[in-house]
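For reference, the structure is listed below as structure tokens.
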Amino acid sequence: MSIKRPERLSLVQQVTVEIERLIKEGHWTVGERIPSETTLAAKFGVSRNTIREAVRALIHTGVLEAIQGSGTVIKTTSIFQAMMQKEIDRNAFTDTVNVRFALEMEAARLASLYRTNEQLEQLQHQLNICHAASQSNNYTSFLEADFTFHQLVVESSNNELLIALYEQLARRIKQSIVHFFLEDQPFPYKKHTHEELVKAIRLQQPEHAVQDIINYRSMNFSFYQMTKD
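For the sequence shown, this note's numbering assigns the number 5 to the initial residue and increments by one for each residue that follows.
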């Protein structure tokens, strides 16, 4: 397989773009080991050294990862995702939380406008799970239940880009929930805050839905500051 060679890109850059395209299109999946240098060189009609440099570039950007004993594997599906994850990892806790709630406010607004009946039922079901977990003081179960609830709100927005952005933040969002809900402290969870959000989404009241997220954010930040004092 030969590749097109635009004048503006070096051969290494062309191969880098082509490898990323193949990953993005699903020819190789996340966690899978990429073919050998010899195989890739034959596939693209270039030297092994060119392949080596292209792979090195993709490792640097975070798309690929070199694992001792396992070779080079796919870490993510695009340079954009890899760069975004690096930025997320660099940012402070408060920055992540602020972005999280900004996304959740817009998600709540959109969910109140575009949610389906099935999504509304899922939210109500997850609300019950959150409440049960908080009542039983099951810390781990509650963290998972609370995160799933907020994920469902975002998914109910039916905005694919917003959902993708939130998913990219998922690991750090889970960490932020851990910061808010400390294991040696009572849960700051108040069922009515989530209930009011579900109610606003059910009644298709976007302003109320956004306000419920603002109230939830304020409650969590107040508790967080209290535990740090």
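Quick reminder that beta carbons are idealized off the backbone N, C-alpha and C, glycines included.
Could you check where the beta strand (DSSP E) with residue i kicks off and where it finishes?
i, result
"THR76", "75 to 78"
Note the first and the last residue of the continuous alpha helix (DSSP H) segment covering residue i.
i, result
"LEU68", "From DSSP, LEU68 is part of no alpha helix (DSSP H) but of the beta strand (DSSP E) over 68 to 71."
"SER138", "121 to 139"
"GLU24", "15 to 28"
If you draw a straight line from the C-alpha of residue i to the C-alpha of residue j, how long is it?
i, j, result
"GLU108", "ILE217", "7 Å"
"ALA112", "LYS178", "18 Å"
"TRP32", "LEU26", "7 Å"
"ALA137", "GLY73", "41 Å"
"GLN215", "GLN172", "25 Å"
"VAL34", "VAL77", "7 Å"
"ASP99", "SER40", "40 Å"
"GLU199", "VAL67", "40 Å"
"ASN121", "ASN132", "17 Å"
"LEU201", "SER51", "58 Å"
"GLN209", "ASN142", "32 Å"
"LEU44", "ARG37", "12 Å"
"PHE153", "GLU69", "32 Å"
Is residue i close to the ligand ATP? I mean its beta-carbon at under 7 Å from any heavy atom of the ligand.
i, result
"THR54", "For the structure depicted, the ligand ATP is absent and the ligand set is empty, with no information on it obtainable."
Pull the bridge partners of residue i from the DSSP assignment, please.
i, result
"ARG37", "VAL77"
Helix, strand or coil for residue i per DSSP?
i, result
"VAL50", "coil"
"LEU173", "coil"
"LEU156", "helix"
"LEU207", "coil"
"SER161", "coil"
"ASN219", "helix"
"HIS198", "helix"
"ASN142", "coil"
"HIS31", "coil"
Assuming residue i contacts residue j (C-beta within less than 8 Å), just tell me the rounded distance between them.
i, j, result
"SER160", "ALA115", "4 Å"
"VAL19", "ALA58", "4 Å"
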